[in-house]
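These notes concern the structure reproduced below.
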Amino acid sequence: MRTVRMNKRELLKALSAGSLALPWSRAAQPAGLARVVVVGGGMAGATAAKYLRLWSQRSIEVTLVEPSAQYTSNIMSNLVLTGQYSPSILNYGWSNLQRNYGIARVVGSVTAVEPGGSLGAWKVSIATASGTQVRYCERVVLAPGIQFDAVPSMQDASVPAPILHAWQAGPQTLQLRDQLAAMPATGRFVMTIPKAPYRCPPGPYERACVVADYLKRNKPGAQVLVLDANPDIMAERENFSLAFGTMYASNLRYLSGRVLRSVQASAGQAGGAVRVDVVVRDASGQELVMGSETHEAQVLNVIPPHRAGAIVQALGLADAGGFAPVDGRSFESTLPGRAGLHVIGDAAKTTLPKAGHVGNQGAKICADAIVRAFAGLPPYATPTANSACFSPLSNSLASWLTAVYQYEQDPVSGAWRFVARDQVAGTVGATEAAGPSTEQFEKMGTWYRSLMNETYL
Numbered sequence: 040m041r042t043v044r045m046n047k048r049e050l051l052k053a054l055s056a057g058s059l060a061l062p063w064s065r066a067a068q069p070a071g072l073a074r075v076v077v078v079g080g081g082m083a084g085a086t087a088a089k090y091l092r093l094w095s096q097r098s099i100e101v102t103l104v105e106p107s108a109q110y111t112s113n114i115m116s117n118l119v120l121t122g123q124y125s126p127s128i129l130n131y132g133w134s135n136l137q138r139n140y141g142i143a144r145v146v147g148s149v150t151a152v153e154p155g156g157s158l159g160a161w162k163v164s165i166a167t168a169s170g171t172q173v174r175y176c177e178r179v180v181l182a183p184g185i186q187f188d189a190v191p192s193m194q195d196a197s198v199p200a201p202i203l204h205a206w207q208a209g210p211q212t213l214q215l216r217d218q219l220a221a222m223p224a225t226g227r228f229v230m231t232i233p234k235a236p237y238r239c240p241p242g243p244y245e246r247a248c249v250v251a252d253y254l255k256r257n258k259p260g261a262q263v264l265v266l267d268a269n270p271d272i273m274a275e276r277e278n279f280s281l282a283f284g285t286m287y288a289s290n291l292r293y294l295s296g297r298v299l300r301s302v303q304a305s306a307g308q309a310g311g312a313v314r315v316d317v318v319v320r321d322a323s324g325q326e327l328v329m330g331s332e333t334h335e336a337q338v339l340n341v342i343p344p345h346r347a348g349a350i351v352q353a354l355g356l357a358d359a360g361g362f363a364p365v366d367g368r369s370f371e372s373t374l375p376g377r378a379g380l381h382v383i384g385d386a387a388k389t390t391l392p393k394a395g396h397v398g399n400q401g402a403k404i405c406a407d408a409i410v411r412a413f414a415g416l417p418p419y420a421t422p423t424a425n426s427a428c429f430s431p432l433s434n435s436l437a438s439w440l441t442a443v444y445q446y447e448q449d450p451v452s453g454a455w456r457f458v459a460r461d462q463v464a465g466t467v468g469a470t471e472a473a474g475p476s477t478e479q480f481e482k483m484g485t486w487y488r489s490l491m492n493e494t495y496l
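Counting along the sequence shown from 1, when you hit position 337 you're at 376 in my numbering, and nothing is skipped either side.
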């Protein structure tokens with residue numbers, strides 16, 4: 040990881056939501072039937088639906104299936120958690136996509152995807168309030184996001200513990216916000232971080248920082264304890280290490296190698312306890328369990344391990360790790376008999392991080408490949424995607440992280456994967472800010488609005 044100072048023009052260029060290297064040609068037009076059903080209206084699904092219509096000059100018929108009344112952004116939700124921002128800044132809808140791009144929307148949940156016979160390559164069954172609807176199509180794009188693994192209860196391991204993760208923004212965000220506000224002045228906020236891969240690599244550390252900042256200002260006797268299942272901080276290591284060691288040295292403790300085992304919690308109550316295994320790695324990288332610990336909390340925030348959304352699991356598109364292996368040139372499933380089924384966003388298994396901006400980028404790679412496929416063209420062989428984000432470290436300071444991911448072949452194994460490239464130094468890896476600043480906090484708002492508008496307008 041390298042830290043650099045960049046001027047405003049360089050930064051905005053690096054963090055551009057539309058920065059995607061695809062030599063797409065407007066001449067690539069579909070021949071014959073061209074129908075796509077997009078399942079899920081989050082960052083990836085909405086982007087795919089929009090760009091399938093835009094880049095095909097509306098010649099591809101796109102149906103977006105989403106059960107929710109609105110999309111609630113995970114990005115910026117940690118500042119709603121601390122009460123700094125209103126929940127309304129997180130909410131977006133699909134009416135602009137319907138109106139501006141002619142996307143058809145079905146309010147419901149996909150229950151089955153099966154061969155469509157003579158009516159289309161795929162038959163998609165959708166459960167709606169008025170009954171089951173069916174859509175036939177040539178390709179399906181699945182963007183269901185994630186689902187969370189159950190966490191065993193200390194009292195009864197066969198019964199999941201009632202916990203708040205607030206890792207899917209919405210009602211739990213507000214519940215955790217209220218628990219923080221009601222926490223005793225000398226209480227302890229304990230959060231757990233699952234092993235990678237998980238949604239938004241910098242997100243848990245960002246949350247730890249803004250909660251520590253909130254408590255420092257409002258409950259100076261309170262403490263934050265972070266229990267990380269990973270061997271070290273997984274993103275923006277220099278800036279988060281700086282924050283943990285200096286800004287919050289008095290009220291935040293970070294412990295790595297703590298793998299969640301069970302939770303003691305009561306439904307509707309904030310407090311509880313968490314039991315973790317203490318794990319270290321030997322010289323060969325083998326994990327060794329050295330013992331266990333139990334930590335008490337007045338507010339407990341457990342982020343469980345997660346995997347691809349339910350429809351991906353139901354269709355058998357996920358591997359043993361819980362996510363769907365895909366071809367990075369098109370995000371089409373690599374499993375036998377799954378041609379024409381694409382998985383994007385957090386549900387996909389690639390070497391890209393699972394994050395909103397990356398979901399937007401991967402969706403564009405997928406959309407481009409589908410437009411090409413309908414025109415009888417192969418996908419672009421070496422797509423490039425930009426990963427970028429800002430991270431608040433307090434109520435007024437933020438840092439940033441950016442990387443350009445190039446799809447390339449490993450010279451040793453021969454496997455194709457996305458590799459992060461530092462565009463300033465030309466080396467492998469991401470670039471993070473030289474330190475947090477108020478200027479970057481202000482730019483964070485501009486970046487967020489730009490990304491969301493580019494996705495939903």
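A virtual CB, placed ideally from N, CA and C, is assigned to each residue, including glycine.
*Rounded C-beta distance between residue 392 and residue 233? I'm assuming under 8 angstroms.*
Along the sequence shown, one-based indexing puts residue 392 at 353. Along the sequence shown, one-based indexing puts residue 233 at 194. Not confirmed; about 14 angstroms, so no contact.
*Which term fits residue 262, buried or exposed, when burial requires 16 or more other beta carbons within 10 angstroms of its beta carbon?*
Here residue 262 refers to the residue found at position 223 of the sequence shown. That one is buried.
_Three-state secondary structure assigned by DSSP to residue 498_ = One cannot answer for residue 498 here, as it falls past the ends of the chain, which runs 40 to 496.
_Bridge partner(s) assigned by DSSP for residue 162_ = Working through the sequence shown from its first residue, we reach residue 162 at position 123. According to DSSP, which records beta bridges pairwise, residue 162 is partnered with 153, 175.
_Distance CB(residue 349)-CB(residue 362) smaller than 8 angstroms_ = For the purposes of this step, residue 349 is taken as the residue at position 310 of the sequence shown. For the purposes of this step, residue 362 is taken as the residue at position 323 of the sequence shown. No, these two residues do not count as a Cβ contact at 8 angstroms.
_According to DSSP, simplified to helix, strand and coil, what is residue 311?_
Here residue 311 corresponds to residue number 272 of the sequence shown, with the count starting at 1. Looking at residue 311 - three-state DSSP - the assignment turns out to be strand.
*Closest by CA to residue 417, which one among 311, 368, 373?*
The count along the sequence shown starts at 1 and reaches residue 417 at position 378. Among 311, 368, 373, the Cα nearest to that of residue 417 belongs to 368.
*Report all residues from its chain with a CB closer than 6 angstroms to the CB of residue 62; omit the five preceding and five following residues, and keep chain order.*
In the sequence shown, residue 62 corresponds to position 23, counting from 1. Because the pLDDT of residue 62 is 45, which lies under 50, any placement of that residue in the model is unreliable, and the number read from its coordinates should be weighed accordingly. Contacts found: none.
*asked:* For residue 471, tell me which candidate among 91, 281, 201 has the shortest Cα-Cα distance.
replied: Stepping through the sequence shown from its first residue, residue 471 is reached at position 432. Measuring from the Cα of residue 471, the nearest candidate turns out to be 281.
*C-beta contact flag for residue 224 and residue 260 at 8 angstroms*: Locating residue 224 in the sequence shown gives position 185, where the first residue counts as 1. Locating residue 260 in the sequence shown gives position 221, where the first residue counts as 1. Cβ distance < 8 angstroms, so residue 224 and residue 260 count as in contact.
_Candidates 154, 179, 128, 133: closest to residue 382 by CA position_ = In the sequence shown, counting from the first residue as 1, residue 382 sits at position 343. Residue 382 has its Cα closest to that of 179, out of 154, 179, 128, 133.
*CB contact flag (residue 440, residue 235, <8 angstroms)*: One-based indexing of the sequence shown puts residue 440 at position 401. One-based indexing of the sequence shown puts residue 235 at position 196. Going by C-beta atoms, residue 440 is not nearer than 8 angstroms to residue 235.
_Rounded to the nearest angstrom, what separates residue 326 and residue 318 at their Cα positions?_
For this step, residue 326 is matched to residue 287 along the sequence shown. For this step, residue 318 is matched to residue 279 along the sequence shown. Cα-Cα distance, rounded: 6 angstroms.
*For residue 131, I'd like the list of residues in its chain whose CB is within less than 7 angstroms of its CB, leaving aside the five on either flank, ordered along the chain.*
Looking up residue 131 in the sequence shown gives position 92. Excluding residues within five positions, the ones whose Cβ falls inside 7 angstroms are 109, 110, 112, 491, 495.
*Alpha carbon to alpha carbon, how far is residue 47 from residue 159?*
If you number the sequence shown from 1, residue 47 lands on position 8. If you number the sequence shown from 1, residue 159 lands on position 120. At residue 47, the pLDDT of 41 sits below 50, so the modelled position is not reliable and the matter cannot be decided from this model.
_Cβ pair count under 8 angstroms reaching 3, the stretch 114–123 against the stretch 136–148_ = no
*DSSP puts residue 371 in a beta bridge; with which residues?*
Here residue 371 refers to the residue found at position 332 when the sequence shown is read from its first residue. Paired residue(s): 366, 381.
*For residue 481, does the three-state DSSP call read helix, strand or coil?*
Position 442 of the sequence shown, counting from 1, holds the residue named residue 481. Note: residue 481 maps to helix in three-state DSSP.
*Using alpha carbons as the reference points, say which of 320, 258, 228, 175 lies closest to residue 271.*
Position 232 of the sequence shown, counting from 1, holds the residue named residue 271. Checking every option, the nearest Cα to that of residue 271 belongs to 320.
*Rounded separation between residue 122 and residue 293 - CA only*: What you label residue 122 is simply residue 83 of the sequence shown in a count that begins at 1. What you label residue 293 is simply residue 254 of the sequence shown in a count that begins at 1. Straight-line Cα distance between these residues: approximately 23 angstroms.
*Are the stretch 478–486 and the stretch 422–429 touching by the rule of at least three beta carbon pairs closer than 8 angstroms?*
yes
*Go ahead and label residue 425 buried or exposed: buried means 16 or more other beta carbons lie within 10 angstroms of its beta carbon, across all protein chains shown.*
Here residue 425 corresponds to residue number 386 of the sequence shown, with the count starting at 1. Its Cβ being crowded by 16 or more others within 10 Å, residue 425 is buried.
*Touching or not, the stretch 163–181 and the stretch 198–216, by the rule of three or more beta carbon pairs under 8 angstroms?*
no
*Beta-carbon separation of residue 313 and residue 250 under 8 angstroms?*
Here residue 313 refers to the residue found at position 274 when the sequence shown is read from its first residue. Here residue 250 refers to the residue found at position 211 when the sequence shown is read from its first residue. No. Outside cutoff.
*Output the distance between the C-alpha atoms of residue 331 and residue 454, rounded to the nearest integer angstrom.*
For the purposes of this step, residue 331 is identified with residue 292 of the sequence shown, where counting begins at 1. For the purposes of this step, residue 454 is identified with residue 415 of the sequence shown, where counting begins at 1. Each residue's Cα considered, the two are about 38 angstroms apart.
*Does the distance from the CB of residue 91 to the CB of residue 410 come in under 8 angstroms?*
By one-based count along the sequence shown, residue 91 stands at place 52. By one-based count along the sequence shown, residue 410 stands at place 371. Cβ atoms of residue 91 and residue 410: closer than 8 angstroms.
_Span of the alpha helix (DSSP H), counted from its first residue to its last, around residue 82_ = For the purposes of this step, residue 82 is taken as the residue at position 43 of the sequence shown. Start and end: 82–94.
_Residues bridged to residue 133 (per DSSP)_ = Your numbering for residue 133 matches position 94 in the sequence shown. The partner list for residue 133 (beta bridge, DSSP) is empty, contrary to what the question assumes.
*Output the boundary residues of the alpha helix (DSSP H) element that contains residue 336.*
Translated into positions along the sequence shown, residue 336 becomes position 297. Element bounds for residue 336: not the alpha helix (DSSP H) but the beta strand (DSSP E), 326–336.
*Just to confirm, are residue 460 and residue 449 a CB contact at a threshold of 8 angstroms?*
What you label residue 460 is simply residue 421 of the sequence shown in a count that begins at 1. What you label residue 449 is simply residue 410 of the sequence shown in a count that begins at 1. Not in contact: residue 460 and residue 449 (Cβ atoms no closer than 8 angstroms).
*asked:* Any beta carbon from chain C within less than 8 angstroms of residue 477's own beta carbon?
replied: Note that chain C does not occur in the displayed structure, where there is just one protein chain.
*Under a three-way DSSP split, which group does residue 170 fall into?*
Indexing the sequence shown from 1 puts residue 170 at position 131. DSSP places residue 170 in strand when its eight states are reduced to three.
*Nearest neighbour of residue 324, chosen from 296, 342, 164 [CA to CA]*: For the purposes of this step, residue 324 is taken as the residue at position 285 of the sequence shown. Residue 324 has its Cα closest to that of 296, out of 296, 342, 164.
*Using the Cα positions of residue 206 and residue 114, report the straight-line distance between them to the nearest angstrom.*
Reading the sequence shown from its first residue, position 167 is the one you call residue 206. Reading the sequence shown from its first residue, position 75 is the one you call residue 114. Cα to Cα, residue 206 sits roughly 10 angstroms from residue 114.
*Straight-line CA distance for residue 379 to residue 104?*
Counting from one through the sequence shown, the residue named residue 379 turns up at place 340. Counting from one through the sequence shown, the residue named residue 104 turns up at place 65. Cα to Cα, residue 379 sits roughly 17 angstroms from residue 104.
*Label residue 415 either buried or exposed according to how many other C-beta atoms from any shown protein chain fall within 10 Å of its C-beta, with 16 as the threshold for buried.*
What you label residue 415 is simply residue 376 of the sequence shown in a count that begins at 1. Residue 415 should be labelled exposed.
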